[in-house]
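Going left to right, the sequence shown walks through residues 4 to 341 as our numbering numbers them. Below: the structure, in C-alpha cells.
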Amino acid sequence: MNEQIANIQSQALELIAASTDERTLDDARVASIGKKGTLSLAGALIKDIPKEEKAAFGQSLNAARTAINSAISEKQAALQEIADKAALSGIDITLPARSLPAGGLHPLTLIRDEATQVLRRMGFALADGPEIEDEYHCFDALNTPADHPARNEKDTFYFNSGKLLRTHTSSVQIRTMETAAPPIRIIAPGSAYRRDEIDATHLSVFNQLEGLFVDTDVTLPDLKGTLEYFFHEMFGTTTEVRFRPHFFPFTEPSFEIDVKLQIKGQAPRWIEVAGCGMVDPAVFEAINATRKDNALDPEKVTGFAFGMGIDRLAMIRWGIKDIRLLIENDTRFLSQFA
Ligand code: DAH
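In C-alpha cells:
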C-alpha cells in the first residue's frame with residue numbers, strides 16, 4: 004500500500020478509536036473521508052501519479068476508505084451500546100411488568116347471552132328489528148287500541164315525524180311475521196324505551212327479550228313447558244314457576260310469570276319475571292292481510308309469545324338493588340363480574 008495512504012488510514016483509525024461520542028466520531032469521519040478530508044485530498048493527487056502506478060494507488064485508496072468506513076460503523080454500534088446501557092442504568096429491567104386489569108363482560112351482556120343460549124338450544128333463532136319504530140309495528144299490528152295508555156305521549160318518546168322509540172321488543176314479532184313463514188321460532192333481545200321517572204327500578208332505556216313461536220298446532224302446554232324449562236335453566240331446576248292470568252292486547256289468554264326465589268338477604272317470595280300468552284288471532288289476521296300467501300291465516304296457525312326484562316333478570320340473579328348501577332360504569336360494581 005502506498006505509504007502516504009497507509010499513514011492517512013492509521014491516523015484516521017486512531018481518531019475513530021479515540022472518539023468518545025457521536026460528535027467526535029463524526030469529526031473523525033469528516034477529517035478523513037469528508038469532502039476535504041485527508042483521504043479525499045490524497046485521492047485528488049491520482050491525476051499526477053505515473054500511469055503504471057495509478058491502479059495500485061487507486062486500490063490503496065479504496066482499501067483505506069473501506070477500512071475507515073467499517074471502523075466508523077463498529078464504533079457507532081459500540082457507542083450506541085454504551086448509550087443504551089447508560090439510559091437503562093438504575094432501571095431494573097428484570098422487574099415483572101405492572102399487571103393491566105383484564106376486562107370482563109357487563110352483567111347485562113352475561114345474562115342476555117345466557118338467556119339467549121338456553122333458548123337457542125331449544126331451537127329459537129335470533130331476530131332483530133329497528134329501535135325507531137312506527138305506531139303500526141309497535142301498537143296497531145299488536146292489537147293495541149288507539150286509546151291504550153302505553154300509546155300516551157306521557158309514556159312514549161315520539162319524534163315529530165310520528166315515529167317513536169319502541170316501548171317493547173314485541174314489534175320484532177310483527178316484523179318477523181311479515182316475511183317469515185311458519186314454523187317461526189325466534190327470540191329478539193334488544194333495547195326498549197319508556198318515559199319513566201328514573202328510580203331504583205326504572206330507567207328510560209332498558210333491555211328486553213322477546214320470543215315468538217308460530218306453527219300449525221302450538222298449544223298452551225307448549226308455552227308453559229318452554230318457559231318453565233327456561234326459568235329452571237336460569238334460576239335452578241327446583242325453582243317454582245307460576246302463570247298468573249293477566250291481560251296483554253296481543254295475546255289471549257295472557258299471563259304474567261312469577262318465579263319463587265330467595266334474593267340474597269331476603270325471604271323467599273314470588274317475583275314477576277315475564278309476560279306471555281297465546282298469540283291473539285287478531286294479530287295473525289292483521290299481518291296475514293298484508294301477505295299474499297295466506298301463511299298466517301288464523302284458522303290455520305297458532306302461536307305463543309313472551310317478553311321479559313333482561314335488566315330485571317340480572318337484578319334478580321345477583322341481588323342488585325338499584326337498576327342505575329347497570330348503566331353507571333362504576334368499576335367498583337362492574338369488577339365483581341369480571
Ligand atoms: N311487551 C310486553 C311488555 O313490554 C311483554 C310481553 C307480554 C311480550 C306478553 C309478549 C307477550 O310477547 O306475549 O310489557
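Cβ atoms here follow ideal geometry from the backbone N, Cα and C, with glycine treated the same way. These numbers come from a predicted model, not from an experiment.
### Query
Considering only the beta carbon of each residue, do S174 and G106 sit closer than 9 Å?
no
#### Entry: Cβ contact check for the region 213-227 and the region 160-167: 3 or more pairs under 8 Å
no
### Reference F253, options Q265, V282 and G278, closest by Cα
V282
#### Entry: Strand pairing of T254, partner residues [DSSP]
F251 and V282
### Message
Please report the distance separating the alpha-carbon of T240 from that of Y232.
### Response
8 Å
### Query
What first and last residue would you give for the alpha helix (DSSP H) that runs through P192?
Element bounds for P192: not the alpha helix (DSSP H) but the beta strand (DSSP E), I187 to Y196.
### Query
Using the C-alpha atoms, what's the distance from S13 back to K50?
24 Å
### Message
Could you check whether the region 296-303 touches the region 250-265, counting it as contact only if at least three pairs of C-beta atoms, one from each stretch, sit closer than 8 Å?
### Response
no
### Task
Measuring alpha carbon to alpha carbon, tell me which of T41, I19 and A31 ends up nearest I11.
T41
### Query
Do the CB positions of R197 and F209 come within less than 9 Å of each other?
yes
### Query
Can you tell me where the alpha helix (DSSP H) with L108 in it begins and where it stops?
Unbroken run through L108: none, as it is neither H nor E.
### Message
If I measure Cβ to Cβ from I326 and keep anything under 6 Å in the same chain, skipping five residues before and after, which residues do I get?
### Response
T204, L206 and D314
### Message
Excluding the 5 residues flanking R154 on each side, which residues of the same chain have their C-beta closer than 6 Å to its C-beta?
### Response
F142
### Task
Would you grab the beta carbon distance between H171 and A195 for me? Rounded to a whole angstrom, and I think it's under 8 Å.
5 Å
### Message
Helix, strand or coil, according to DSSP, for L206 in the structure here?
### Response
coil
### Expected contact under 8 Å - CB spacing of A308 and L168 to nearest Å
About 21 Å; that fails the 8 Å criterion.
### Query
Less than 8 Å between the CB of F309 and some heavy atom of the ligand DAH, yes or no?
yes
### Message
Applying the 10 Å Cβ sphere with the 16-neighbour rule, what's the burial state of G151?
### Response
According to the sequence displayed, residue 151 carries His and not Gly. Its Cβ having fewer than 16 others within 10 Å, H151 is exposed.
### Query
V244: which of S257, G228 and E255 sits nearest, CA to CA?
G228
### Query
Cα separation between G93 and A100?
16 Å
### Query
What are the residues that DSSP puts in a beta bridge with W273?
K263
### Query
L215: beta carbon under 8 Å from a heavy atom of the ligand DAH?
yes
### Task
Quickly, what does DSSP pair R245 with across the bridge? List them, please.
D261
### Query
Hey, how far is the Cα of I274 from the Cα of E236?
16 Å
### Task
Check whether the Cβ of G280 sits closer than 8 Å to any heavy atom of the ligand NAP, and report yes or no.
The ligand NAP is absent from the structure shown, which contains only the ligand DAH.
### Query
For T159, which of helix, strand or coil comes out of DSSP?
coil
### Task
Enumerate in chain order the residues of its own chain whose CB-to-CB distance from H249 is below 7 Å, with the five nearest sequence positions on each side excluded.
S257, F258, E259 and G278
### Task
Give the range of the alpha helix (DSSP H) segment to which G228 is assigned.
L223 to F238
### Query
By Cβ distance below 8 Å, which residues in the same chain neighbour D30 in space, the five residues on each side in sequence not counted?
L18 and S22
### Message
For a test of the three-state rule: what should DSSP assign to G46, helix, strand or coil?
### Response
helix
### Unbroken stretches of the alpha helix (DSSP H), 4 residues or longer, contained in the region 12-66
25-36 and 41-47
### Query
With distances taken from CA atoms, which of I52, S43 and K78 is nearest N65?
S43
### Message
With H, G and I counted as helix, E and B as strand and the rest as coil, what does DSSP make of D314?
### Response
helix
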